[in-house]
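Novice: This structure is in structure tokens; I'll ask about it shortly.
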Amino acid sequence: SQKIEQNSEALNIQEGKTATLTCNYTNYSPAYLQWYRQDPGRGPVFLLLIRENEKEKRKERLKVTFDTTLKQSLFHITASQPADSATYLCALPNYGGSQGNLIFGKGTKLSVKP
Amino acid sequence: SQTIHQWPATLVQPVGSPLSLECTVEGTSNPNLYWYRQAAGRGLQLLFYSVGIGQISSEVPQNLSASRPQDRQFILSSKKLLLSDSGFYLCAWSVLTGGGYTFGSGTRLTVV
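Chains as they are written, first to last, in our numbering: chain A, 89 to 202; chain B, 1280 to 1391.
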């Protein structure tokens, strides 16, 4: 069955550094991958979508890569700020995307210290 | 602009009592609608999704049910709650397959 792993439950970094979060998946080839941010007690907020034919995508201080050979996506936040502290979730389409549903990783909790 | 409303924000219910959580979307037509549950320390679990009025698909067998009586209304129900039903329930919508989801603010359900 499809499996998503975000291999760090928590990541602590210093303000101004680049945070790098990892999402690995097994047992299928998704057409796209998405990243979300979730603050405590709130619903996730969509950040970025990257398709299988895109190697990299950027949005302001965010950068996402998608390596379909390694079956891995990396999510980078450059010049991190304490306000970036949150849990970040990766999500992939269910059953290869034919039904449009998403399955989510458990998330990585990022803490940016001033 | 599109908005999603979900209520109530918190709910404490005794075991065996019924449940009804409501979600409505504004500013869009024919959205795909979803119910997810997030238990403590666990990821988001898809419970139900709907691509149209009266069309409900269940992902996880359980004592919950869902209904979509109107295009932009999605309801999660239970006739008798279990302790294991406790969690953070999130409604979401999307327009396109493969598009980002917009989540509601969630309902924190505690079954006692």
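Here a beta-carbon is modelled for each residue, glycine too, at the ideal position from N, C-alpha and C.
Remember, predicted model here, so these are calculated numbers, not experimental data.
1. In this structure, what does DSSP give as the bridge partners for B/S1346?
2. Here's the rule I'm using: 16 or more other beta-carbon atoms within 10 Å means buried, otherwise exposed. How should B/N1311 be labelled?
3. Straight-line CA distance for B/V1291 to B/Q1352?
4. What does DSSP give as the partner residue(s) for A/R166 in the beta ladder?
5. Please state the DSSP three-state secondary structure of A/D57.
6. Terminal residues of the continuous beta strand (DSSP E) containing A/A174?
7. On the criterion of 16 or more Cβ atoms from any shown chain inside 10 Å, does B/Q1317 qualify as buried, or is it exposed?
8. When DSSP labels each residue in this structure, what does A/A171 get in the three-state scheme?
9. Between A/K143 and chain B, is any beta-carbon pair separated by less than 9 Å?
10. From B/W1372 to B/G1331, what distance separates their C-alpha atoms?
11. How about B/A1371: is its C-beta nearer than 9 Å to some C-beta of chain A?
Specialist: Reading it off the structure:
1. Answer is B/I1354.
2. That one is buried.
3. Distance between B/V1291 and B/Q1352, taken at the CA atoms: about 23 Å.
4. It should be noted that the sequence gives Thr, not Arg, for residue 166 of chain A. DSSP lists no partner for A/T166.
5. Past the edges of chain A, shown from 89 to 202, lies residue 57 of chain A, and the structure says nothing about it.
6. Unbroken beta strand (DSSP E) run through A/A174: A174 to P181.
7. With 16 or more Cβ atoms within 10 Å of its Cβ, B/Q1317 is classed as buried.
8. The answer is helix: DSSP assigns A/A171 an H, G or I state.
9. Answer no: the Cβ-Cβ gap between A/K143 and chain B never drops below 9 Å.
10. C-alpha separation (whole angstroms): 12 Å.
11. Yes, contact with chain A.
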